[in-house]
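Counting from 693, one number per residue, gives the positions in the sequence shown under the working numbering. Glycine is no exception: its CB is placed at the ideal position from the N, C-alpha and C atoms. Quick caveat, the model's predicted, so the values are computed rather than measured.
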Amino acid sequence: VATGGSTTTAADVEAVGRRLTGLPTDVDERLADLATRLSTTGLLMAADVEAVVQRIGVGMRGADMRSERPNAVILLAGEQARAASALAEVIAEALFGSPDRVVTIEAGRMTQDHDVAMLVGAPPGYVGYSDDLPIHAIDRMRACTVLVEDVDRAHPVVLDVLGRALSSGTLADGAGRQIHLSETVVLLAAAPDAAARRPIGFATGDAAGTGEETGTALPGRTTRTALDPGTLLGVLLGDEVDLVVEQAPGAGSREAWIERTLLPELARRFAERGVAVEWDPSVAPHLAARGPDGTQGRRWERYLDDGLGPLVADAIDAAEEAGVSARVHVTVRDGSLVVEGDMKAVPAPAADRGIAERRT
């Protein structure tokens, strides 16, 4: 199409459409950003970072056999399920521009066959017909991460509905409206003890075998675990799982993330409020052992706001009131975070001398 001497190609039109709908236009850059974020946060082991990024990349580049399906369907089981919320936010921020582009479906509440209405809504004329549901948020955003929590606890009818939806790439709500899933990444989070339980009514025996015990992965699926999705989630939903991630990184990975990323970022934020913070070496292992699961998300913010914020608040208030700078030392004593130092603000010296310090 020629307009004013310039040529508009189909790729240009697609790019504009993607920007208007929030879909990523720079897929390679988004995938590279995702790989970096996953590597630095310690949410996944290195091999799983590579597998997750590769699988999502296949879908986002249009190289998958059925483009109508989600870009990836990833089952998080065992210890890895504890970090599902944090992982969903990292994927959403890297690929879709915001950690808020996460739609959470609480499948663990759908334990009866009629609870499928909690997923798709009631039909016309029934109570709840006009309710706004999580799947409607998918329809509004289109490009997002869909987190299905405690999926293994849902009723088999609910699991089958999910399985058919992932296979076709569409999910019809109670009014018959089609919700498209082709621009999503779907995380199915099983309960941490899911691998030890066998859902009633699902395949057992040879049908549950994975081939992993002999070193052979499931055909068409990337897996580094002996957990079989079909046994856990039923045949229909289990067959839609592209990747299984079960083993969480060790505590050392999270501690390294805390030292390299979390504490420097906290120090930067406090410095903007006029308080220089020094971290004792005991702080990182303390937070790694007692902090929230995973290494991203609002749970860490709330945890630190509740546990550390009040300890530094006095110094921040004093510094702002006096218009000067203060310095504190954060350490661990008797199993708790402690802020040491002069909590009264002290005048800041010349810029080339740094922030002055008065010790108690």
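*To the nearest angstrom, report how far apart Arg793 and Ala775 are at their CA atoms.*
On the sequence shown, position 101 is the one that residue 793 refers to. On the sequence shown, position 83 is the one that residue 775 refers to. Cα-Cα distance, rounded: 17 Å.
*Residue from Thr803, Val795 and Pro816 whose Cα sits closest to the Cα of Ile830*: Within the sequence shown, the letter at position 138 stands for residue 830. The candidate whose alpha carbon is nearest that of Ile830 is Val795.
_Let me check understanding here. Comparing Cα to Cα, which of Cys836, Ala883, Asp852 and Pro848 lies closest to Leu873?_
Looking up residue 873 in the sequence shown gives position 181. Per the Cα distances, Cys836.
*Could you tell me the distance, in whole angstroms, from the CA atom of Met810 to the CA atom of Gly930?*
The count along the sequence shown starts at 1 and reaches residue 810 at position 118. The count along the sequence shown starts at 1 and reaches residue 930 at position 238. Cα to Cα, Met810 sits roughly 21 Å from Gly930.
*Beta-carbon spacing of Ile748, Val877 below 7 Å*: For the purposes of this step, residue 748 is taken as the residue at position 56 of the sequence shown. For the purposes of this step, residue 877 is taken as the residue at position 185 of the sequence shown. Yes, they are a contact pair.
*Where Val1020 and Val1004 are concerned, what is the direct C-alpha to C-alpha distance, given to the nearest angstrom?*
For the purposes of this step, residue 1020 is identified with residue 328 of the sequence shown, where counting begins at 1. For the purposes of this step, residue 1004 is identified with residue 312 of the sequence shown, where counting begins at 1. So the two alpha carbons sit approximately 8 Å from each other.
*asked:* On the DSSP bridge list, what partners appear for Ile766?
replied: To locate residue 766, count along the sequence shown from 1; it is residue 74. Paired residue(s): Leu879 and Leu935.
_Cβ neighbour criterion (16 or more within 10 Å) applied to Ala846_ = Start at 1 with the first residue of the sequence shown, and residue 846 comes out as number 154. Burial call: buried.
*In this structure, does DSSP put Glu760 in helix, strand or coil?*
The sequence position of residue 760 within the sequence shown is 68, counting from 1. Looking at Glu760 - three-state DSSP - the assignment turns out to be coil, as it is neither helix nor strand.
*So, Pro977 versus Gly734, is the Cβ gap smaller than 7 Å?*
Walking along the sequence shown from the start, residue 977 turns up at place 285. Walking along the sequence shown from the start, residue 734 turns up at place 42. No.
*Report the rounded CA-to-CA distance for Pro815 versus Asp805, giving the unit in angstroms.*
What you label residue 815 is simply residue 123 of the sequence shown in a count that begins at 1. What you label residue 805 is simply residue 113 of the sequence shown in a count that begins at 1. Pro815 and Asp805: Cα-Cα distance of roughly 15 Å.
*Within 6 Å: the Cβ of Ala769 and any heavy atom of the ligand NAP?*
Ligands are entirely absent from the displayed structure, and the ligand NAP is therefore not among its contents.
_With H, G and I counted as helix, E and B as strand and the rest as coil, what does DSSP make of Leu839?_
The sequence position of residue 839 within the sequence shown is 147, counting from 1. Looking at Leu839 - three-state DSSP - the assignment turns out to be strand.
_Cβ-based neighbour list, His828, same chain, cut-off 6 Å, excluding 5 preceding and 5 following_ = Here residue 828 is taken as the residue at index 136 of the sequence shown, counted from 1. Within the same chain, His828 has no close Cβ partners at all.
*asked:* Taking the alpha carbon of Ile783 as the reference point, which residue from Ala799, Val765 and Ala769 has its own alpha carbon closest?
replied: Counting from one through the sequence shown, the residue named residue 783 turns up at place 91. Of the candidates Ala799, Val765 and Ala769, Val765 places its Cα closest to the Cα of Ile783.
_First through last residue of the alpha helix (DSSP H) which encompasses Ile830_ = Reading the sequence shown from its first residue, position 138 is the one you call residue 830. Looking at the DSSP string, the run of the alpha helix (DSSP H) that includes Ile830 is Pro826 to Met833.
*asked:* Taking the alpha carbon of Ala778 as the reference point, which residue from Glu1032, Leu839, Arg761 and Met757 has its own alpha carbon closest?
replied: Numbered from 1 along the sequence shown, position 86 holds the residue referred to as residue 778. Among Glu1032, Leu839, Arg761 and Met757, the Cα nearest to that of Ala778 is on Leu839.
*Over what stretch of residues does the beta strand (DSSP E) that includes Arg1019 continue unbroken?*
Taking the sequence shown and counting its residues from 1, one reaches residue 1019 at position 327. That run of the beta strand (DSSP E) goes Ala1018 to Arg1025.
*Taking Cβ positions, are Val937 and Gln772 nearer each other than 7 Å?*
Your numbering for residue 937 matches position 245 in the sequence shown. Your numbering for residue 772 matches position 80 in the sequence shown. Contact flag set, yes.
*DSSP state of Gln870, grouped into three classes?*
In the sequence shown, the residue the question calls residue 870 occupies position 178. In this structure, Gln870 counts as strand in the three-state DSSP scheme.
*Using a threshold of 7 Å, state whether the C-beta atoms of Leu730 and Leu736 are closer than that.*
Numbered from 1 along the sequence shown, position 38 holds the residue referred to as residue 730. Numbered from 1 along the sequence shown, position 44 holds the residue referred to as residue 736. With respect to Leu736, Leu730 sits close: the two C-beta atoms are nearer than 7 Å.
*Would you tell me roughly how many angstroms separate the C-alpha atoms of Arg678 and Val927, rounded to the nearest one?*
Here the chain has residues from 693 to 1052 only, and residue 678 is not among them.
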